[in-house]
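Student: Below: one structure in structure tokens.
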Amino acid sequence: METDLDTELQPVYRKAVNPTSTGPYLPGAEELKGDFQLDIDVSGLEFSHHPLFSREHVLGARLTQLYDLYLSRQHNNLTGHLTDKLKGLRKAMQDMLGSQGVTEAKQQRISDYTLEIRNTRQLRDSEQEKDRTLLQDIVEVWKEIKALRRSQKYTSTTYKLCYRRENVDREKDEQEYEEEIMSEVLDLELELEEEYRRKLLTYKLQLQEWNAWRNKQESEEKVSKKKVQPKGSNKQEHDDQEYGQSEETLEKAPPKPEPPEKLPLESIEKQIRAKASRICRKPGEAILIPVLYTSGNITPTELCPPAEENRRNEVAKLSFFIRVLYNNKEVSQTEKHFLSSNFKLHFGKIFNLKILNFPQSINLQVFEGTGLSHTLLDQVFIPVPQPSVLTGQVPLKKLEFSSNQRAIFESSSQISPTSGKLSCCASWGVSEDGLPLAPPVARKPGGTHNYRDAVSHGRRSGLYTMNNLEQAAHCQLDPNDPVNTSIIQLLKVDREVINPENLQLEHLQEDFNFANDEELEGSKRFQMLQLRNQGVAGFQNYKFIPALENEVTREMCQELDEGLKEGEIIDTNQYLDADQALAAKHLLKMRKLVSDRFSCAKYYCGPADMGITEMRPKTEILMVNLLKLTKPRRQLKPERRERTKITTQNLSDGDVKVLVNVIRGYNIPVRWPQSSQRSFEDRELFLTQVQVRPFVEVSFQHTVLQTSTAEGRNPSWNQQLQLPVKAPYGSYSASSLQSVRDEVFINIFDEIVYNTEVTDRQTGKTVRTQVEKRWLGFVKFPFSTIYSQSRIDGTFKVNTPAVLLGYSKEENQNRNGISYAWFSSQIQEPYITLFITIEPMLVPAKFIRETVDSEEDESLLQASKEFEKEASVLCPERLCITNVINLNGSEVFITRYIQPLNPPIYLLDGLSSNSQDAMVARYVSLIPSLSDRGLFSASCELWSTCDQFLTHLAGDKADHAVLLCNYFLYIKKRAWLIIGSAIPEGQTAYVLTHEESRYLIWNPRSGQSYTQYDAFCPLQTVGSLVNGLLGKQLQRLVYQPPDKEAAVELQRRIEKTVRDKFMEWRPHQPTHWNRYCISVLRQFLPKLELSERECMAERHCHKLQKLLGDTRISGFPLHQPFSDMEHIIKAVQSTGVHNIQEPNVEFALAVYVHPYPNSILSVWVYLASLVRT
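Quick note: the sequence shown, position 19, residue 19 per full-length UniProt numbering, numbers continuous.
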């Protein structure tokens, strides 16, 4: 037939060739046109075996492998799942046996359940035995490691295995153990009965068959006997023939079935108990959970034998790098990294490859060597990612490799291969618009085409015109059809949307969907449920979510939007530059990491955490209380009773309140006359009037309350104000309350009443008297401080501005009727007496001190803990801290942070010794403060080094104190770090310096100093003094010079933002700005920063009065360090300057930003109001 065919139609035979690519892209394709990016992430390298492994490393690798297997099995918890399944099957079996009536179907179900129970129990027993065997293997390997360390007298690895003991209720455990034994005995009895019943049924059937055969044989024998004996044969032959037939019948006869025997049920319980003792934990025995740490200490090299020393030297000389090959061509490689003692390497390199050809292969080559010579160990092939695999969505994969080369080192006589795991992944990049930068999938040649699809026909002809794309967008293209892959990719790039309504595999699915995807994405309730289920910070404790969408209030929606913005978006307009925004974002990431790390410690609760119980009273206390009953009662003597602390399980909005008891004030600034009242008669009239009428305004979480108005510079109010507390997302747990960042602002105002006749623009009525309030100063307390201390009681200094126009800090009085003191060289500072608490009294958040990895020697750590115990016994009221946790989560000695560090040279040039102290303290106080308890939700207390503190530009009180103490040590001062308690900070850190004849206590966050006998010093108790040891900080700090251009730009931005906000706060009145006064204030603000403020105040006030004439001026400059724009706006709004209702009032606003090294800024905002008289 082949010879008859045409030559063109004859078949051609060719050798079959396997394809070189199994990915979505075909080899030999043409070059790509467009921007396509492939990201290859090479994270790290970990060796599972190496020729330089010591015996301890081999055992350590085995221990790590077993521990990883243990964690995987504990995570899967297959034993627990099988146990729960077994309990459910037994419960169903009991219900079935308890029901009445026995049918064939029920009997079959009982048989099925019995078989399933037996299989599940066998699997459960097998998994239990595996768990126990694995735990025993871990213990045996750890014992071998310890024995090896004792025999060789040195340590080569950092592995340390500890056991966490979890006690169990012995009675309950024994009861569950016995119940399990009896349940298993019952299961086996049912199984044996079922098996006996099945064997008995089989026996009856076999016996019935055997009896039938026997009856048949007997009937045949009877018939054969009745036959006549044939002629010519004798009787003997007939008997022999009959005997032969019977013998042949017996050989073919089946054996008689024997009845089944019942197994003894007495030995079942004994067998089950023997098995349980082998694979289960003894009842009442504590649960041991192994924990593998890698924080152990390695013996120094100089203390090791020569062989070990040579091995470590060879390990230190080895270096590795990874070479990246794309389509078998080298494109890049990592830097060389030297091998560490734990045989792990971290590269942390992401290669962004702009590809021009279709990817066929991606492989990574591992090179090892010493010096300049390196050899190829092995290469790892990474599969070509699918177009849907994008950067940031694919996890790292550990790909194993093994070297075929066998290396021989001087310190190791054995020849062994090298093996390990390389952590890497490959993915396609994403453009700025969120589009994948993956090339279209190449179509295989010879594929079938659907000629009924006009768009596919145009694809084959190569016509990619806009008309075809528009037609394809309206066609019913199936995105799952491989034929349409290229056109679908083009439509995605062209941002066209394909309507998949007509491509439904289940056309009735829409009828059963209670909501479509758009409704789910737009549902606020569904978003709250998702965030709470994912455990997002702030939403995991959300207590109440409405059952219906229309019940979600506007406040809940605002909290949802604010929570999402706070966790994901960093507004760069709130900060100086992009560096500060990145530092703020880094702090948010650190907050999440630290919260995740320490959250597990919250679940280990002791008996004291389950309830609040009072201590058992002593006999002496009981006798004293009994004697009090016999004393006569005094009706007028108040008795103070201690309030009982309650937990926060059943609290809701409105149950928690902040009680602020405003008692009295001291040295409140008084008014001083304007320039028009300089005559003797006007002064006498002014002095006869009330010089100040102060009242207190308390604000917290958009709630503002105020006291009544008093008179005089030493007023007495004695009023209690109650402000409701609204916890975030309605959760009143301890961690949620501790994370509240709101502050209680206590502002002091002066109420001034003017006699005037003015027509109100809104009501049209004539107002004869007008009330104006002027801001005098403030005190603020963070809510977290009030919550952690339960109450704040004392006399506090009022923060007043450096200049207070229209007021004096010294009382205006007539001395002998002749002279008047308008200013004084010794200015008395104002104070206010307050009592603040929370009602009801809540249990504060427990400070978690979890056991973490340490960088110190174990013997020193043990000695420090013993020192803390001894100190707590000798001085139980003092706070003694020897170890702290750094930002890496490791425990270090507190003395490591104290060492001399250089301040900026810019601060010390041309200043005396005392001026240097004040300037250095001021520089430290200008760094924004941020509480660890507010940042990490009371999880822990983290200490950062000085370079980290200056990089983040935000820190806790301890960070400020450490930096100030180190600066004082650098300028040759005797300085110590004070750990104690202060009002209102609570547990805090101050700095102590020794001068020539006295000691000074420095508040690092305000820059003020106090003598050791100062009664108004905030520091109340001193727990311990800390000096320096061998520090781990940098020997010298590097500072960036002051950026004056950035300060000018920030100054312009702050002034514009505050001016816009100021006009927003006055929606019904026009806001007029006095340009001339603004220019005067702008000239004065730099002098406040660089000169003595108190000396400048008098000259400034006289100059303003002289320039502006008969104008009633009130105003003040606000000063604070720059952290973000929001704090400045809140400070300006709290002064209430915008609330002045005078029709002819004018305002003045000036801003000055003074730059310091390292992007530390001092911000001055001058506010003033002017009314023509």
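The beta carbon of each residue, even a glycine, is placed where N, CA and C say it ideally should be. Bear in mind the structure is a predicted one, so any value in this text is a computation, not a measurement.
Select from P417, D378, Q701 and P436 the residue whose C-alpha is nearest the C-alpha of S388.
Tutor: Indexing the sequence shown from 1 puts residue 388 at position 388. Selected option, being the one with the closest Cα: P436.
Student: Would the beta-carbon of T707 fall within 8 Å of that of Q719?
Tutor: The count along the sequence shown starts at 1 and reaches residue 707 at position 707. The count along the sequence shown starts at 1 and reaches residue 719 at position 719. Yes, Cβ-Cβ distance for T707 and Q719 is below 8 Å.
Student: Could you pull out every residue in the same chain whose Cβ sits closer than 8 Å to the Cβ of residue 1174, ignoring the five residues on either side in sequence?
Tutor: A query on residue 1174 cannot be resolved here, the shown segment of the chain reaching from 1 to 1173 and no further.
Student: Kindly identify the DSSP beta-bridge partner or partners of Q706.
Tutor: Position 706 of the sequence shown, counting from 1, holds the residue named residue 706. DSSP, once it has assigned bridges, lists E697 as partnering Q706.
Student: For the region 647-673, list the beta strand (DSSP E) runs that are entirely contained and at least 3 residues long, ordered along the chain.
Tutor: Listed in chain order, the complete beta strand (DSSP E) runs (minimum 3 residues) inside the region 647-673 are 657-666.
Student: Does the Cβ-Cβ distance between Q393 and Q379 come in under 8 Å?
Tutor: Locating residue 393 in the sequence shown gives position 393, where the first residue counts as 1. Locating residue 379 in the sequence shown gives position 379, where the first residue counts as 1. No, the pair does not count as a contact, with Cβ atoms beyond the cut-off.
Student: Can you tell me whether residue 1190 is buried or exposed, with buried defined as 16 or more other CB within 10 angstroms of its CB?
Tutor: Because residue 1190 is not part of the residues shown, which for the chain are 1 to 1173, the question remains open.
Student: Counting C-beta neighbours from all protein chains within 10 Å, is the total for K869 16 or more, i.e. buried, or is it exposed?
Tutor: Here the question's residue 869 lines up with position 869 in the sequence shown. Under this definition K869 is an exposed residue.
Student: Between the C-alpha atoms of Y163 and W976, what's the straight-line distance to the nearest angstrom?
Tutor: Locating residue 163 in the sequence shown gives position 163, counting from the first residue. Locating residue 976 in the sequence shown gives position 976, counting from the first residue. The alpha-carbon atoms of Y163 and W976 are separated by roughly 40 Å.
Student: If you count every other CB in all the chains shown that lies within 10 Å of the CB of D68, and 16 or more means buried, which is it?
Tutor: Indexing the sequence shown from 1 puts residue 68 at position 68. Classification of D68: exposed, given that the 10 Å Cβ count is below 16.
Student: Between the alpha carbons of R55 and R311, how many angstroms are there, rounded?
Tutor: Residue numbering aside, residue 55 sits at position 55 when the sequence shown is read from its first letter. Residue numbering aside, residue 311 sits at position 311 when the sequence shown is read from its first letter. Taking the straight line joining both Cα atoms gives about 12 Å.
Student: On the DSSP bridge assignment, give the partners of Y967 in chain order.
Tutor: Position 967 of the sequence shown, counted from the first residue, corresponds to residue 967. DSSP lists no partner for Y967.
Student: Count the other CB atoms, across all protein chains shown, that sit within 10 Å of the CB of R1172; report buried if there are 16 or more and exposed otherwise.
Tutor: Here residue 1172 is taken as the residue at index 1172 of the sequence shown, counted from 1. Exposed is the call here.
Student: Going by the beta-carbon positions, is the gap between V924 and C946 smaller than 8 Å?
Tutor: Position 924 of the sequence shown holds residue 924. Position 946 of the sequence shown holds residue 946. Taking 8 Å as the Cβ cut-off, V924 and C946 do not qualify as a contacting pair.
Student: Are E308 and S151 touching if we call contact CB-CB under 8 Å?
Tutor: Locating residue 308 in the sequence shown gives position 308, where the first residue counts as 1. Locating residue 151 in the sequence shown gives position 151, where the first residue counts as 1. Not a contact, by the Cβ cut-off of 8 Å.
Student: Is there contact here, the region 899-913 with the region 1152-1169, by at least three beta-carbon pairs under 8 Å?
Tutor: Yes, the region 899-913 touches the region 1152-1169.
Student: Which residue wins for smallest C-alpha separation from S699, given the options I748, T795 and H1119?
Tutor: As a first step, residue 699 is located in the sequence shown; it is residue number 699 there, counting from the start. If we check each option's Cα against that of S699, I748 comes out closest.
Student: V725: which of V624, K809, Y807 and M841 sits nearest, CA to CA?
Tutor: The residue you call residue 725 lines up with position 725 of the sequence shown. Ranking V624, K809, Y807 and M841 by Cα distance to V725 puts M841 first.
Student: With a Cβ-Cβ cutoff of 8 Å, do Y807 and W672 count as a contact?
Tutor: As a first step, residue 807 is located in the sequence shown; it is residue number 807 there, counting from the start. As a first step, residue 672 is located in the sequence shown; it is residue number 672 there, counting from the start. Yes, these two residues count as a Cβ contact at 8 Å.
Student: Between which residues of its own chain and E985 is the CB-CB distance below 8 Å, once the five residues before and five after are set aside?
Tutor: Your numbering for residue 985 matches position 985 in the sequence shown. Taken in chain order, the residues that qualify are T785, K957 and P1018.
Student: Look up G794 in the DSSP assignment and say whether it is helix, strand or coil.
Tutor: Within the sequence shown, numbered from 1, the residue matching residue 794 stands at position 794. It is a strand residue.
Student: Would you tell me roughly how many angstroms separate the C-alpha atoms of G434 and N550, rounded to the nearest one?
Tutor: Position 434 of the sequence shown holds residue 434. Position 550 of the sequence shown holds residue 550. Approximately 33 Å, taken between the alpha carbons.
Student: Any chance the region 1034-1045 sits against the region 982-1002, with 3 or more Cβ pairs inside 8 Å?
Tutor: Output reads no: the region 982-1002 does not touch the region 1034-1045.
Student: Determine, using beta carbons only, whether G357 and D39 come nearer to each other than 8 Å.
Tutor: Taking the first residue of the sequence shown as position 1, residue 357 is located at position 357. Taking the first residue of the sequence shown as position 1, residue 39 is located at position 39. The question names Gly, but residue 357 in the sequence shown is Asn. Taking 8 Å as the Cβ cut-off, N357 and D39 do not qualify as a contacting pair.
Student: Between I1113 and chain B, is there a C-beta pair that is closer than 8 Å?
Tutor: Absence of chain B from the displayed structure is noted, only one protein chain being present.
Student: Kindly provide the ranges of any alpha helix (DSSP H) runs that are 4 or more residues long and lie completely inside the region 1088-1163, ordered along the chain.
Tutor: Counting only runs of 4 or more, we get 1093-1108 and 1125-1134.
Student: Less than 8 Å between the CB atoms is what I'm expecting for I279 and R132, so what's the real figure, rounded?
Tutor: Residue mapping note: residue 279 aligns to position 279 of the sequence shown, counting from 1. Residue mapping note: residue 132 aligns to position 132 of the sequence shown, counting from 1. With 8 Å as the limit, I279 and R132 qualify as a contact, their Cβ atoms being about 6 Å apart.
Student: Grouping DSSP H, G and I as helix and E and B as strand, with all else coil, what is H1068?
Tutor: Residue mapping note: residue 1068 aligns to position 1068 of the sequence shown, counting from 1. Looking at H1068 - three-state DSSP - the assignment turns out to be coil, as it is neither helix nor strand.
Student: Mind checking K631: buried by the 16 CB within 10 Å criterion, or exposed?
Tutor: By one-based count along the sequence shown, residue 631 stands at place 631. By the 10 Å Cβ count, K631 comes out exposed.
Student: Are N886 and L942 close, meaning C-beta to C-beta below 8 Å?
Tutor: Sequence index remark: in the sequence shown, residue 886 carries index 886 (1-based). Sequence index remark: in the sequence shown, residue 942 carries index 942 (1-based). It is a contact, given that the beta carbons lie within the stated cut-off.
Student: Spatial neighbours of P546 within its chain, please: CB distance less than 7 Å, with the 5 preceding and 5 following residues excluded, ordered by chain position.
Tutor: On the sequence shown, position 546 is the one that residue 546 refers to. Around P546: R525 and V552.
Student: Do L1170 and V1137 have their C-beta atoms closer together than 8 Å?
Tutor: Against the sequence shown, residue 1170 aligns to sequence position 1170. Against the sequence shown, residue 1137 aligns to sequence position 1137. No, the pair does not count as a contact, with Cβ atoms beyond the cut-off.
Student: Can you tell which of D112, F745 and E1089 has its C-alpha closest to the C-alpha of G919?
Tutor: The count along the sequence shown starts at 1 and reaches residue 919 at position 919. Looking at the sequence itself, residue 919 is Met, so the reference to Gly does not match. Here the closest residue by C-alpha is E1089.
Student: Is it true that the region 1020-1029 meets the region 892-901, where meeting means three or more beta-carbon pairs spaced less than 8 Å apart?
Tutor: At 8 Å Cβ cutoff, the stretches touch.
Student: Could you tell me which uninterrupted alpha helix (DSSP H) segments, each at least 4 residues in length, are contained entirely in the region 950-1032, listed from first to last along the chain?
Tutor: You should have 957-970.
Student: State yes or no: is the C-beta of T391 within less than 8 Å of the C-beta of V42?
Tutor: In the sequence shown, residue 391 corresponds to position 391, counting from 1. In the sequence shown, residue 42 corresponds to position 42, counting from 1. No, Cβ-Cβ distance for T391 and V42 is not below 8 Å.
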